[in-house]
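Using our numbering, read the sequence shown as starting at 716 and increasing by one per residue. Written below as structure tokens is the structure these notes are about.
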Amino acid sequence: MIRRLVMCAALVVGAAQAADYARLVENKVAEVDKVAAQGPYAATWPSLETYKVPSWYEDAKFGIFIHWGVYSVPAFDSEWYPRNMYILNSPVYKHQVALYGPETKFGYKDFIPKFTAAHFNAAQWAALFHKAGARYVVPVAEHHDGFPMYDCSFTDWSAAKMGPRRDIVGELAAAIRREGLHFGASSHRAEHWWFYNGGRKFPSDVQDPRYQSFYGPAAPDKTQPNQAYLHDWLARTSEIVDKYHPELVWFDWWIEQPVFRPYLKKFAAFYYNRGKQWGQEVAINYKNKAFPDRAAVLDIERGKLDTIRKQFWQTDTSISIKSWGYIDNDQYRDPGSLIDELIDIVSKNGALLLNVGPKSDGTIPEQAQQILLAMGRWLVINGEAIYGTRPYLVYGEGPTPVVGGSFKDTASKPFTAQDIRFTTRGRTLYALLLGWPADGKVVIHTLSAKGAGNGRSINNIEMLGSKSKLTWRRTLDGVVVSLPPKKPCDYAYVLKLT
């Protein structure tokens, strides 16, 4: 295996440097194998299916995702700019050539010196996320573009050695923990196998051997990674764990390829065992069918479920509509719709991981900041109905259907004043109203004498954020509550039933 790694690396760098790289990779892989073999988790699905989701994660409910990298420099199209600029005659290709010239003269690598992060302040970011009410933060450690935002031992092409010349992930990890938040990291490295393959189809710097260690195999996307690449993937991913001790590792969809399966089992056993060694509760996010249900935490991209899931799960979506990374003239979500989404997800035993895309200089767009702060203000009043809660017998009621599945975030209609979601904490039931009824009265049909909650006795009902004493009565049609004359907040409204 080392010989194969040396042969691949020697095409790009000197023989001595290639040998050093190969030894680093294989030493790290051997370490992963050793930790995986120590237990208590073994690299088998039956063993990994005994995994328990951390209580901190089930309680946190709301996290921040951060897509930040070299792709924020061109600030055009999306975070897939580095791939699309090499798709001949695509809109991004035409934009790239028009602004920067032929891709033999100016390729994606040439954006790196422009990625200075001059105004990046990890402490300011962490403070903003805390004010937003987030309980965990997950920066992208390495995206498909193959430019790690951390101090990676296996390449010189990283933010620690080029561009900003700073260990971005390391700075964020420290700042996030100082704010009392949980720290995670994501790896999108798997897709790098084919990410730049468009550059093989016409003259470009992707074909220049001097840059192969950055642009990678640029292989056909229908092919499976070879063993050398898989070992590199495992070494990089496990290094993120050992260097930064993330409590959550998030993976994108391509790890579901068949050749990754033994490596996923090894990584999961290694990571879960590391967590046990460190006294740290950790979790892995996966998409689709990459892991068995109980071996890790399911993540649904830009979508959600239409019912309660027994196993805890997560939605990842973005505060911006067009792109995950920063682009000029993006469109942003309304804070009310994001709060409604958070409520709907939590009522179904999920969590919301909400992405922001900072500018290349390290500043977070003002519009994104204001949305986050609006969510934080809502959570100050209503957070007890979100944090640390669990699902009720039913997730809710109302006329508006939710379209389940990935990439369905715009498929559902806006919620109405008749749409209600439920969460519980001990003997307390929260009814979260997704609108304010015009007549000032709400009927909770689920709590009628014939509804799902007919066995629950109710001693008191109050509205979070309001000092008004509410009048209510229980009828055969439901619990009828007269709401206070003044709304306590700008968006959804929470009734607390004890």
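Beta carbons are placed, not taken as given, at the ideal position from N, Cα and C, and that holds for glycine.
- According to the DSSP assignment, residue 902 belongs to the beta strand (DSSP E) that extends over 897-902.
- In terms of Cβ geometry, residue 1064 and residue 1007 do not form a close pair [threshold 8 angstroms].
- Judged by DSSP in its simplified three-state form, residue 1039 adopts coil rather than helix or strand.
- Exclusion of the five residues before and after residue 1121 leaves 1015, 1016, 1018 as the residues of its chain whose Cβ lies within less than 6 angstroms of its Cβ.
- Pairing residue 1032 with residue 1142 gives a Cβ-Cβ distance that is not under 8 angstroms.
- Less than 8 angstroms separates the beta-carbon of residue 899 from that of residue 962.
- Apart from sequence neighbours up to five positions away, the residues of its chain that approach residue 882 with a beta-carbon distance below 8 angstroms are 865, 866, 874, 875, ordered along the chain.
- Under DSSP, residue 1187 takes part in a beta bridge, and its partners are 1196.
- Inside the stretch 751-792, DSSP marks whole alpha helix (DSSP H) runs of 4 or more residues at positions 760-763, 770-775, from first to last along the chain.
- The Cβ atoms of residue 1161 and residue 1196 do not sit closer than 8 angstroms to each other.
- Each residue's CA atom was taken as its position, placing residue 794 and residue 788 some 10 angstroms apart.
- In terms of Cα proximity to residue 1071, the closest of 1083, 1077, 1062, 1060 is 1083.
- Around the beta carbon of residue 1002, 16 or more other beta carbons lie within 10 angstroms, which makes this residue buried.
- Between the alpha carbons of residue 1024 and residue 977 lies a gap of roughly 27 angstroms.
- Excluding the 5 residues flanking it on each side, residue 762 has same chain C-beta neighbours closer than 6 angstroms at 756, in chain order.
- In this structure, residue 1073 sits near residue 781, with a CB-CB distance shorter than 8 angstroms.
- Annotation: the stretch 941-995 contains the following complete segments of the alpha helix (DSSP H) (minimum length 4 residues), in chain order: 942-959, 976-993.
- Check the Cα spacing between residue 1027 and each of 1005, 1040, 1062: the tightest is with 1062.
- The stretch 765-772 makes no contact with the stretch 836-847: fewer than 3 CB pairs, one atom from each, lie closer than 8 angstroms.
- Residues 834 of the same chain have their beta carbon placed closer than 6 angstroms to that of residue 1078, with the five preceding and five following residues left out of the count.
- Judged by beta-carbon spacing, residue 777 lies within the 8 angstroms limit of residue 850, meaning their Cβ atoms are closer than that value.
- Spatial neighbours of residue 915 in its own chain (CB-CB distance under 8 angstroms, excluding positions within 5 residues in sequence) are listed in chain order as 921, 922, 933.
- Residue 964 sits close to residue 902, with the two beta carbons spaced by under 8 angstroms.
- Judged by DSSP secondary structure, residue 851 falls within the beta strand (DSSP E) whose first and last residues are 851-857.
- A direct Cα-to-Cα measurement between residue 1081 and residue 846 gives close to 15 angstroms.
- One alpha carbon belongs to residue 954, the other to residue 1130, and they sit about 44 angstroms apart.
- For residue 885, the uninterrupted alpha helix (DSSP H) segment begins and ends at 883-893.
- Non-local beta-carbon contacts of residue 815 in its own chain, meaning distances under 6 angstroms to residues more than five positions away in sequence, involve 821 in chain order.
- Beyond the five residues adjoining it in sequence on each side, residue 929 comes within less than 7 angstroms, by CB distance, of 824, 861, 872 in the same chain, given in chain order.
- The shortest CA-to-CA distance from residue 906 to any of 939, 1154, 894 is the one to 939.
- A Cβ-Cβ separation of about 19 angstroms leaves residue 878 out of contact with residue 798 under the 8 angstroms criterion.
- Under the three-state reduction of DSSP, residue 872 is assigned to coil, being neither helix nor strand.
- The Cβ-Cβ distance between residue 768 and residue 1012 falls below 8 angstroms.
- Counting along the chain, residue 823 sits inside no alpha helix (DSSP H), nor does DSSP assign it H or E at all.
- Spatial neighbours of residue 1050 in its own chain (CB-CB distance under 6 angstroms, excluding positions within 5 residues in sequence) are listed in chain order as 1086, 1089, 1090.
- When DSSP reads this structure, residue 1137 sits in a beta bridge with 1146.
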